[in-house]
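Comments concern the structure below.
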Amino acid sequence: MIFVSKFRNILYYLFLVTVILFCLSCENHIIQRAAADYFLYKEGNWWRYLSADSDTAFVEVEAVDSVLQTECYPVDFDGELHYILHLPGSIKEYYKFTCNFSGIDYTIIESFVTRIELPLVIGNSWQDSLIDSLNVAGQWLKAEYRINGKVQDFSYEEAFDGDVYEIELYITEKFTSSDTTTTTETHLCEFYAPDIGLVRFYREGAEYVLLEYQLQ
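And the structure:
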């Protein structure tokens, strides 16, 4: 009986040590991730990407600007300007929807929407939406913007000396008037590396990988 009791104690201590080591490993991983910056929005930073079809994409951060009385970073994504707000708990993006009615542009939606939740935790998912309507000449115009995101996976990649996180985004834009409804759906898959930023993404079925970059 004494032998059995001692054996049980040994098993208990081994289990306890295993749990402690596992917790320390997780804690170190969290600390390492928190110390790294996956979203480097600073004026002058740029990244160039290449697809298998030799198509290139260029991303550059421009000087800080103000939108809706909020300082944010204009990011030129291959010719399309995106206004990004980097907060401790999220990456937000400026969104504006306008509709031309009888030759006049009417703004239905204009706000910031959560694009990515922080910190990056595998399995974490989020959603955000912007919905508004406007009565123009007796006709109701309604616009909707919905985004669903998830941190799908991460893996250590030696080329970037750190954990690369895979983020999937599903975006739905919908416009409704008295006689028509149009819906646009977009699926994005992006990969982020520590202290580098976006290193890989998919656009229209094509994979773009980081070719070169410059950080200030």
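Quick note on the working numbering: the sequence shown kicks off at 841 and runs consecutively.
Virtual Cβ for every residue (Gly too), placed ideally from N, Cα, C.
Computed from a predicted model, the values in this text were never measured in an experiment.
Shown here, F879 sits in coil according to DSSP, grouped into three states, outside any helix or strand. DSSP places A999 in the helix class (H, G or I) of the three-state scheme. Around the Cβ of Y996, a 10 Å sphere holds fewer than 16 other Cβ atoms; the residue is exposed. A903 counts as exposed, since fewer than 16 other beta carbons sit within 10 angstroms of its beta carbon. Straight across, the Cα-Cα distance linking E1025 with E1044 is about 12 Å. For the pair F994 and E1006, the CB atoms are nearer than the 8 Å cut-off. Note on geometry: alpha-carbon atoms of I962 and D1003 lie some 11 Å from one another. A distance below 8 Å between beta-carbons, with the five flanking residues on each side excluded, links W886 to the following residues of its chain, in chain order: F898, V899, E900, V901, Y1053, Q1054.
K990 is a Cβ neighbour of S965, given a cutoff of 8 Å. Taking C-alpha positions only, S942 is separated from D1001 by approximately 56 Å. Assignment of V904 by DSSP, reduced to helix, strand and coil, places it in the coil class. Scanning its chain for C-beta atoms nearer than 7 Å, with the 5 sequence neighbours on each side dropped, one finds around D893 the residues A1046, in chain order. By the Cβ neighbour-count rule, E1030 is buried, with 16 or more other Cβ atoms within 10 Å of its own.
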